[in-house]
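Colleague: Just dropping this structure here.
Residue numbers (this note's numbering): 1313 to 1429.
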């Protein structure tokens, strides 16, 4: 009886594991669910890959095109990580990777922003 319980627990733990960043998977866009692999990779990307100091061009080469263009007033670009619409047409949860870009097009800051309605 104990063996099936241990096996089920191990499977649940493994399913909840985060993935290492993989550019090929990062840029994959799903039909309805946006980018299905980003949420599992974003922590590894922020913790183990040097983003600060990259030029805008190097950033795009590494992550693909951002989901917005650089706003000259704020200097912030973002990549959608997860968007949940629930049962509505408007999002009820948004998670984004935000990157601050200075006037010389260099990444100066990185954070993960979450919004819940």
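Ideal placement from N, C-alpha and C gives every residue a C-beta, glycine not left out.
1. Where does the unbroken alpha helix (DSSP H) through residue 1359 begin, and where does it stop?
2. May I ask you to report which of helix, strand or coil DSSP gives residue 1374?
3. Just to confirm, is the Cβ distance from residue 1409 to residue 1337 under 9 angstroms?
4. Would you report the Cα separation of residue 1406 and residue 1360, rounded to the nearest angstrom?
5. CA-CA distance, residue 1345 and residue 1418?
6. Need the endpoints of the alpha helix (DSSP H) that residue 1337 sits in, please.
7. Mark residue 1350 as exposed unless 16 or more other C-beta atoms lie within 10 angstroms of its C-beta, in which case mark it buried.
8. Could you spell out the range, first to last residue, of the beta strand (DSSP E) harbouring residue 1406?
9. Whole angstroms is fine: what's the gap from residue 1401's alpha carbon to residue 1395's?
10. Is the CB-CB distance between residue 1413 and residue 1376 below 9 angstroms?
11. Using only CA atoms, which one of 1399, 1330, 1404 and 1335 lies nearest to residue 1371?
Modeller: Looking at the coordinates:
1. Start at 1 with the first residue of the chain shown, and residue 1359 comes out as number 47. Per DSSP, residue 1359 belongs to the alpha helix (DSSP H) from 1350-1360.
2. In the chain shown, the residue the question calls residue 1374 occupies position 62. Judged by DSSP in its simplified three-state form, residue 1374 adopts helix.
3. The residue you call residue 1409 lines up with position 97 of the chain shown. The residue you call residue 1337 lines up with position 25 of the chain shown. Not in contact: residue 1409 and residue 1337 (Cβ atoms no closer than 9 angstroms).
4. As a first step, residue 1406 must be located in the chain shown, where it is residue number 94. As a first step, residue 1360 must be located in the chain shown, where it is residue number 48. Whole-angstrom Cα-Cα distance: 23 angstroms.
5. Locating residue 1345 in the chain shown gives position 33, counting from the first residue. Locating residue 1418 in the chain shown gives position 106, counting from the first residue. Answer to the nearest angstrom: the Cα atoms are 30 angstroms apart.
6. Residue 1337 sits at position 25 when you count from the first residue of the chain shown. Note, residue 1337: alpha helix (DSSP H), 1335-1338.
7. In the chain shown, counting from the first residue as 1, residue 1350 sits at position 38. By the neighbour-count rule (16 or more Cβ atoms within 10 Å), residue 1350 is buried.
8. On the chain shown, position 94 is the one that residue 1406 refers to. Looking at the DSSP string, the run of the beta strand (DSSP E) that includes residue 1406 is 1405-1413.
9. Walking along the chain shown from the start, residue 1401 turns up at place 89. Walking along the chain shown from the start, residue 1395 turns up at place 83. Cα to Cα, residue 1401 sits roughly 12 angstroms from residue 1395.
10. Sequence index remark: in the chain shown, residue 1413 carries index 101 (1-based). Sequence index remark: in the chain shown, residue 1376 carries index 64 (1-based). No, they are not a contact pair.
11. In the chain shown, the residue the question calls residue 1371 occupies position 59. Of 1399, 1330, 1404 and 1335, the residue nearest in Cα terms is 1335.
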